[in-house]
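There are 2 protein chains.
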Amino acid sequence: MHATLDELFSALSDTTRRKILVMLLEDDMAVTDVADPFDMSLPAISKHLNILTNAGLITQEKRGRVNWCKLEPDGLRDASVWMLGFGQFDILDIESLEKLIETHIDLTQTT
Amino acid sequence: MHATLDELFSALSDTTRRKILVMLLEDDMAVTDVADPFDMSLPAISKHLNILTNAGLITQEKRGRVNWCKLEPDGLRDASVWMLGFGQFDILDIESLEKLIETHIDLTQTT
DNA sequence: TTTATATTTAACCATATGGTTAAATATGGA
DNA sequence: TCCATATTTAACCATATGGTTAAATATAAA
């Protein structure tokens, strides 16, 4: 069960869901806490979380009565690959890319 | 009138529209020619093209009775920037990024 | 065991989406 | 002028989406 690009981009096409993703960047969160900043019912948030889960962007793990939501690190991969394959990534300035590579090297360097 | 991220990702969330974008990567096309490979009516394609236009991903220019569709080079920018800002771009292997940078340098080198 | 907390399920609603066919509108060519 | 070509508009349809409230479920705590 691999999410389609349709599901992925569709999941990203809603402001609430993108905000949730950014929140989860900080730390794993319980459903109630995810819902807190939004002026929206809990069931509505629950639905958004399911959409993000089906798109492979987050995972949910139930411990006790709390359902913990966490980012799925590879979730954006296919979307990124499509955009790269689309060949339009030179629209990003070269400096950001180089900085990105340095960061990556910093993170992966073992010595 | 700047397209929202919602519009952008939403426009990308349909296979037909992503295929159209890839076709336009090759060359500008008339609406009828865009429609040709699809098993779908012309009005349906016309709607897809409007969605892509409103998302800022293509432009349409009418010359005579032919409406020419062309890629908008910066169309994907905001989506890419969001994804970069999301900080998950180290999910892309370093080699593709380096290759990308080389390509970019080749394209921009004047000497 | 009773009550409170965390979350989902069900049923519903309004609007959006992605398609259709038929008709309208330009524009180009004979 | 008359016909063909290119495309859009209009009206419609089924299903999807994003929200609601009320009820159900499961677990924790008193």
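From first to last, the protein sequence lines stand for chains A and B. Numbering that gives the first Met the number 0 puts the first residue of the first sequence at 0, with every later residue one more than the last. Numbering that gives the first Met the number 0 puts the first residue of the second sequence at 0, with every later residue one more than the last. Yeah, the Cβ is synthetic: ideal placement off N, Cα and C, and Gly gets one too.
Give me the Cα-Cα distance between B:Thr14 and A:Asp5, rounded to the nearest whole angstrom. Cα to Cα, B:Thr14 sits roughly 7 Å from A:Asp5.
What would DSSP say about A:Ala29, mapped onto helix, strand or coil? strand
Can you give me the Cβ contacts of B:Ala34 inside the same chain, cut-off strictly under 6 Å, excluding the 5 residues immediately before and after it? Within the same chain, B:Ala34 has close Cβ partners Leu41 and Ile44.
Please return the same chain residues whose Cβ sits closer than 7 Å to the Cβ of A:Asp27, not counting the five positions on each side in sequence. Trp67, Cys68 and Lys69
Leaving aside the five residues before and after A:Arg17 along the sequence, list all residues of the same chain whose C-beta is less than 8 Å from its C-beta, in chain order. Leu11
Below-8 Å beta-carbon distance, B:Phe8 vs any chain A residue: yes
Neighbour list for A:Asp38 in chain B, Cβ cutoff strictly below 8 Å: Within chain B, not a single residue places a beta-carbon under 8 Å from that of A:Asp38; the smallest gap is close to 18 Å.
Got a sec: which bits of the segment 15-26 of chain A sit with their beta carbon under 9 Å from any beta carbon on chain B, in order along the chain? Arg17, Leu20, Val21 and Leu24
Under 7 Å by beta carbon: chain A residues contacting B:Asp5: Ser12, Asp13 and Thr14
Close Cβ partners of A:Trp81 (< 7 Å) along its chain, the five nearest in sequence each way excluded: Leu4
Going residue by residue through the segment 0-72 of chain A, where are the continuous alpha helix (DSSP H) segments of at least 4 residues, counting only ones entirely within it? 4-11, 14-25, 30-34 and 41-53
Distance check for B:Leu75 and A:Val65, CA to CA, integer angstroms please. 38 Å
Under a Cβ-count criterion, where at least 16 other Cβ atoms within 10 Å of its own Cβ denotes burial, should B:His47 be classed as buried or exposed? It is buried - the Cβ of B:His47 has at least 16 other Cβ atoms within 10 Å.
Given a cut-off of 8 Å, decide if B:Glu71 and B:Ile50 are closer than it, judged by their beta-carbon atoms. no
Does DSSP classify B:Leu75 as helix, strand or coil? B:Leu75 falls in the coil class under three-state DSSP.
With a 10 Å radius around its C-beta and 16 neighbouring C-beta atoms as the bar for buried, classify A:Leu24 as buried or exposed. exposed
Check whether the Cβ atoms of A:Ala2 and A:Gly55 lie closer than 8 Å to each other. yes
Chain-ordered chain A contacts of B:Leu48 [CB-CB under 8 Å]: Those do not exist, as B:Leu48 stays about 17 Å from chain A at its closest Cβ, beyond 8 Å.
Please confirm if A:Met28 has its CB atom under 8 Å from at least one CB of chain B. no
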